[in-house]
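Start counting the sequence shown at 0; every next residue gets the next number (numbering that gives the first Met the number 0).
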Amino acid sequence: MQPSTARPTRDLVRRAPKVLLHEHLDGGLRPTTVLELAAAAGYRELPESDPAKLADWFAAGAARGSLAQYLEGFRHTIALMQTAEAIERVAFEFCEDMAKDNVVYAEVRFAPHFHTQQGLGLDGVMTAVMKGLRRGEEDHKVKVGVIVCAMRNLSSMLSYQMAELAVAWRDHGVVGFDLAGEEAGTPRSTTSTRSSS
Ligand SMILES: [Zn+2]
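Here is the structure:
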């Protein structure tokens, strides 16, 4: 018998259990959550105040084809993920959104040091993320692993610190370590040379 070459319907894809191996914690916030966090934090730099328009703005940024430009959108989401409460909420909602799409296992990545701008320590950031994820996993039938990101455009000292953080948390939800960011202009060797100079 010939295997079917018919494309699966949208509905079938939606209903099928899925695995998602590359997703950014700070790249999938609900527009309504972004607006609520901004209101609570008194953050006034968002380009839109309407959830639908804000969603369009983020989508347009993601479609521009340049990683550097795409990362612009992260400036806002990262600015709004600086407290344990905000981070935990985003992590919890991540699980909720995964479950809605019938994702049964997801690996979500983020750079912990981006979330320490208001004094939250690295372990505080990790604790908040894990708290939100564990609660989300329990409430929704989904399993989530965390990938700790270092940034290739920053110092290798910091990358080393992030690698150590990943190892420290490996029995508590971390499944990997990633050297993230724009590859053009910052090969790994450059990154390591820079910090030694
Ligand atoms: Zn990515």
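No residue lacks a Cβ here, since even glycine has one placed at the ideal position from N, Cα and C.
All figures in this text were calculated on a predicted structure; none of them were measured in a lab.
By the neighbour-count criterion, in which 16 or more other beta carbons inside 10 Å mark a residue as buried, G41 falls on the exposed side. Secondary structure note for D96: its alpha helix (DSSP H) is the uninterrupted segment A83 to K99. For the 8 Å CB-CB criterion, I77 and D25 form a contact.
By the criterion of a C-beta distance shorter than 8 Å, H21 is surrounded in its chain by E106 and R108, once the five residues flanking it on both sides are discounted. Residue pairing by DSSP places I146 opposite R108 and G175 in a beta bridge. A Cβ-Cβ separation of about 13 Å leaves M97 out of contact with V89 under the 8 Å criterion. In terms of CA proximity to K99, R13 leads the group F176, R9, P7 and R13. DSSP places V12 in the helix class (H, G or I) of the three-state scheme.
Taking the Cα positions, A149 is about 9 Å away from Q160. Counting only residues of its own chain and dropping the five nearest sequence neighbours on each side, A61 has a CB closer than 6 Å to the CB of Y69. By the Cβ neighbour-count rule, M156 is exposed, with fewer than 16 other Cβ atoms within 10 Å of its own. In terms of Cβ geometry, L178 and M125 do not form a close pair [threshold 8 Å].
Taking a C-beta distance under 8 Å as the contact criterion, P46 and P30 do not qualify as a contact pair. In the same chain as W56, and ignoring 5 residues on each side of it, the C-beta atoms closer than 7 Å to its own belong to P46 and E47, in chain order.
The C-alpha of V147 is placed about 7 Å away from the C-alpha of P111.
Annotated as proximal: Q117 and T82, with beta-carbon spacing under 8 Å. For N101, same chain residues with a beta-carbon under 8 Å away, outside a window of 5 residues either side, are R13, R14, A15, P16 and K17 in chain order. About 7 Å separates the Cβ atoms of G135 and F93, confirming a contact at the 8 Å cut-off. A straight line joining the alpha-carbon of R9 with that of G72 spans about 28 Å.
Bridge partners of L19 according to DSSP: A105.
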